[in-house]
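The sequence shown begins at 401 in this note's numbering and counts up one residue at a time. Ideal Cβ placement from N, Cα and C applies to all residues, glycine included. First comes the structure, then the notes that go with it.
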Amino acid sequence: MDIGKDPITGKRLRKSVGGFKTKKECENALQQLLLDIQNFNTTGGIDERFSSIVQNSSL
Numbered sequence: 401m402d403i404g405k406d407p408i409t410g411k412r413l414r415k416s417v418g419g420f421k422t423k424k425e426c427e428n429a430l431q432q433l434l435l436d437i438q439n440f441n442t443t444g445g446i447d448e449r450f451s452s453i454v455q456n457s458s459l
């Protein structure tokens, strides 16, 4: 998923994950990421991994 541009380098930022046990888990993680981006207008920090966003969310 394309999540915007790095404000420092101007390069495109992307998130990619896999290994969900079910389709529903994947859909929930995607929805949470979209909400985080929309609500906070941020990627959660360039170094933060998508898995930590998913683990910290209340799915």
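Taking all protein chains in view, the Cβ of L434 is surrounded by fewer than 16 other Cβ atoms within 10 Å, so the residue is classified as exposed. Its Cα nearest to that of G419, the residue A429 stands out among A429, D402 and D406. Look at D406 here: in three-state DSSP terms it is coil, with no helix or strand label.
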